[in-house]
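To start, the structure itself, in structure tokens.
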Amino acid sequence: MPIWLNGVLANNAGAEFNLNDKGLLLGYGVFDTALVIADKVAYREAHLEKLTKSCAALSLPVASSFLSEMMEEAAKDLPLGVIRITVTGGVGPRGMAFSPEAKPNVIVSASPIAATIFCPEIRLVLTPLRRNESSFTARIKTLNYLDAIMAVTEARQKSFDDALFLNTAGHVACSSTANLFMIRDGCLITPPVSDGILAGIMRANILRLAKSRDIPVEERSIGYEELLEADDIFLTNSLRLITQVTHLGEVALPRRSAALLALLKSMVFDEINYSRFQ
6 MPIWLNGVLA
16 NNAGAEFNLN
26 DKGLLLGYGV
36 FDTALVIADK
46 VAYREAHLEK
56 LTKSCAALSL
66 PVASSFLSEM
76 MEEAAKDLPL
86 GVIRITVTGG
96 VGPRGMAFSP
106 EAKPNVIVSA
116 SPIAATIFCP
126 EIRLVLTPLR
136 RNESSFTARI
146 KTLNYLDAIM
156 AVTEARQKSF
166 DDALFLNTAG
176 HVACSSTANL
186 FMIRDGCLIT
196 PPVSDGILAG
206 IMRANILRLA
216 KSRDIPVEER
226 SIGYEELLEA
236 DDIFLTNSLR
246 LITQVTHLGE
256 VALPRRSAAL
266 LALLKSMVFD
276 EINYSRFQ
């Protein structure tokens, strides 16, 4: 797995990294992951915009042009894979406050993946942990993913695949790494950003594609009990694309929207040129 540190191809085991970096000590930093198909980053401009805005939100002085160059470099010679770009807070004086003189480190990795990652079926279980809709970190990908790690670990110990988060108001939020949609009477319903979700790139794509086909869409709060009455539930993220939920806890979902789900998957596959891997 090739890794670049600040634009230089590095030996993963021997790369020099200052252990006083605030990304390591405090989780101060951001990251993004993106799908690569045929040496090209899928939805590249959306990923670049998202990462650039996340850096700006944390006052991390990294040029968008540099991030763009690294995306292009990491995607080279990668028929099907994933890249991750991590921007750390850099080294500064001891303490919690952001240091203007700190220079961020930019770490980029590229890994091949198999096409079997796309559109799996999963079993989802509710976690007792809550998503804080008022938190600054709920809306950007920071380096602190402890809640997600704990939730998905517990879910897998119970023989489920992923965890479902509610927010502090008891509304449905998201899974550990994906946005959630439910389908009811042909309408796509997804929680609003104000409910503490990350506005994912694939979520935005699904909303855009649905509207282009006049598929009804609602962004509104969802109660857990309402989920149990859904015709279908699916998750979205940039790597797995569309993940159908077969069970919510021990409840088997009816899965009554096969045609609509097939249409959404087909539109996404067309956009990313998935047919080359079939």
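Using the working numbering, the letters of the sequence shown map in sequence onto residues 6 to 283. Just so it is clear, CB atoms sit at the ideal spot from N, CA and C, and this is done for glycine as well. This structure is a prediction, so every number in the text was calculated from the model and none was measured.
DSSP, reduced to helix, strand and coil, places CYS179 within a strand of the structure shown. With contacts defined as CB atoms closer than 8 Å, LEU31 and LEU56 fail to qualify as a contacting pair.
In this structure SER59 is buried. Its beta-carbon is surrounded by 16 or more other beta-carbon atoms within 10 angstroms.
Separation of the CB atoms of ALA160 and ASP166 is rounded to 7 Å, and the pair is thereby assigned contact status at 8 Å. Per the coordinates, the alpha-carbon of ASN184 lies some 6 Å from the alpha-carbon of ARG208. Contact fails between the region 47-56 and the region 107-116, because fewer than three Cβ pairs, one in each stretch, are under 8 Å apart. ARG128 sits in a strand when the DSSP states are folded into three classes.
The beta carbon of ALA15 is closer than 6 Å to those of ILE8 in its chain, skipping five residues each way along the sequence. For GLY228, the secondary structure class from DSSP, reduced to helix, strand or coil, is strand.
Judged by DSSP secondary structure, VAL273 falls within the alpha helix (DSSP H) whose first and last residues are 263-277. Here the region 94-107 does not lie against the region 128-141, with fewer than 3 beta-carbon pairs under 8 Å apart. ASP82 and HIS176 have their C-alpha atoms roughly 43 Å apart. Less than 8 Å separates the beta-carbon of LEU269 from that of ILE211. Per DSSP, the continuous beta strand (DSSP E) segment holding THR195 begins and ends at 192-195. Between the C-alpha atoms of VAL46 and THR91 there is a straight-line separation of about 16 Å.
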